[in-house]
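Engineer: Here's a structure for you.
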Amino acid sequence: MTMVAILSGAGISTDSGIPDYRGPDGLWRRDPEAERLVTYGPYMADPEVRRRSWLMRLDAPVLRAEPNVAHHAIAAYEKSGNALRVITQNVDGLHQVAGVSERKVLELHGSARSVVCTACHARSSMDEALERVKAGEDDPACRTCGGILKAATVMFGQRLDPKVLGDAMSIAKAAEVFVAVGSSLQVQPAASLAGIAAEHGARLIIVNAEPTPYDPIADEIVREPIGTALPALLERLR
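Counted the way my numbering counts, the sequence shown spans residues 119 to 356.
And the structure:
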C-alpha cells in the first residue's frame with residue numbers, strides 16, 4: 119500500500135471562505151497592521167493589541183467555515199483504507215471536520231478552535247472564549263490562573279513545537295508520494311518538508327496556482343483549481 123503524505127496550505131481552504139493570508143491578495147499584504155494582532159511580542163505586551171485581536175476573531179471566518187470538496191476528497195481517500203497522513207499549515211481544523219481521523223492530522227501551526235493560557239498552559243475552546251468576549255470581557259483571562267489567553271496557534275514570533283516538527287519530518291521521510299497542495303512553500307520550516315520527502319525518494323506532486331521554490335524538483339506540477347485537481351489526483355493515486 120502506497121504511503122501518501124499531504125501537506126496542505128491556505129489555498130486548500132479558500133473555497134471554504136477562508137482567505138489566503140500570503141497570496142498576492144492575501145490579508146497580510148493588504149493590511150500589514152492585521153499581522154501585528156497575531157504577532158506574539160505585541161500581543162503579550164499590549165492589552166490593546168489583545169483587545170483588537172479578540173475582536174478580529176469574532177469576525178474571522180475560520181469557525182464558521184465548512185469543509186469544501188478538497189477536504190472531503192482527502193477524507194474519502196482515507197476512509198477507503200489508503201495509507202495517509204495529513205500535515206497542515208492551516209489552523210482551521212477543516213480536515214478533521216471533513217472526517218479525516220484526528221490521529222492522521224498533524225497541525226504544524228496549531229488550532230484556532232482552541233485557546234491556551236500562556237502561563238499555566240490550560241486549554242479551553244475558542245467558542246467559550248469568544249462567548250466571554252461577546253459578554254463584555256474584551257481581554258478574557260485564564261479562569262485557572264488569571265494568565266493571558268491566546269489562540270492555540272503558533273503566532274508570528276513563536277517557534278513551532280519541536281515534537282510536532284519532528285513528527286512531520288518523519289512523515290515526510292517515510293512518504294512514497296508527497297502532495298503539497300495550496301501551499302506557497304515559502305514559509306519555513308514547513309516548506310522544507312517537500313524537499314525532505316523528495317530527498318528520501320518520494321514522488322513530489324505540487325498542486326498550487328502559483329509557482330513555488332520547489333517546482334524544479336517536483337515530479338508533477340498541477341496548476342488547475344484545487345477543488346477539481348485534488349479529487350482527480352487522489353482518485354488516480356487509489
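Quick reminder that beta carbons are idealized off the backbone N, C-alpha and C, glycines included.
Under the three-state reduction of DSSP, which class applies to ILE136: helix, strand or coil?
Structural biologist: By 1-based counting over the sequence shown, the position of residue 136 is 18. Reduced to three states, the DSSP call for ILE136 is coil.
Engineer: Using a Cβ cut-off of 9 Å (strictly closer), state whether ILE192 contacts chain C.
Structural biologist: Structure shown: chain C not included; a single protein chain is present.
Engineer: So what does DSSP say about ARG168, is it helix, strand or coil?
Structural biologist: Working through the sequence shown from its first residue, we reach residue 168 at position 50. Here ARG168 sits in helix by DSSP.
Engineer: Go ahead and label GLU225 buried or exposed: buried means 16 or more other beta carbons lie within 10 angstroms of its beta carbon, across all protein chains shown.
Structural biologist: For the purposes of this step, residue 225 is taken as residue 107 along the sequence shown, with counting starting at 1. GLU225 comes out buried.
Engineer: Could you give the uninterrupted runs of the beta strand (DSSP E) lying entirely in the segment 294–325, keeping only those of 3 residues or more?
Structural biologist: You should have 295–299 and 321–325.
Engineer: Give me the Cα-Cα distance between SER232 and ASP210, rounded to the nearest whole angstrom.
Structural biologist: Residue numbering aside, residue 232 sits at position 114 when the sequence shown is read from its first letter. Residue numbering aside, residue 210 sits at position 92 when the sequence shown is read from its first letter. Cα to Cα, the separation comes out at about 10 Å.
Engineer: Please confirm if the segment 253–273 is in contact with the segment 168–175, defined as three or more CB-CB distances below 8 Å between the two stretches.
Structural biologist: Because the criterion of three Cβ pairs below 8 Å is met, the segment 253–273 and the segment 168–175 touch.
Engineer: Taking the C-alpha atoms as reference points, what is the distance between SER219 and TYR195?
Structural biologist: Reading the sequence shown from its first residue, position 101 is the one you call residue 219. Reading the sequence shown from its first residue, position 77 is the one you call residue 195. If you take the alpha carbons of SER219 and TYR195, they lie about 11 Å apart.
Engineer: So who's on the other strand from ALA347, going by DSSP bridges?
Structural biologist: If you number the sequence shown from 1, residue 347 lands on position 229. ALA347 is not bridged to any residue.
Engineer: In chain order, what residues of the same chain have a beta carbon less than 8 Å from the beta carbon of ARG197, not counting five sequence neighbours either side?
Structural biologist: Against the sequence shown, residue 197 aligns to sequence position 79. For clarity, residue 197 is Lys in the given sequence; the question names Arg instead. Cβ neighbours of LYS197 beyond the five flanking positions: GLY217.
Engineer: Quick one: what does DSSP say VAL215 is sitting in, helix, strand or coil?
Structural biologist: Translated into the one-based positions of the sequence shown, residue 215 becomes position 97. In the structure shown, VAL215 sits in a helix (DSSP, three-state: H, G or I).
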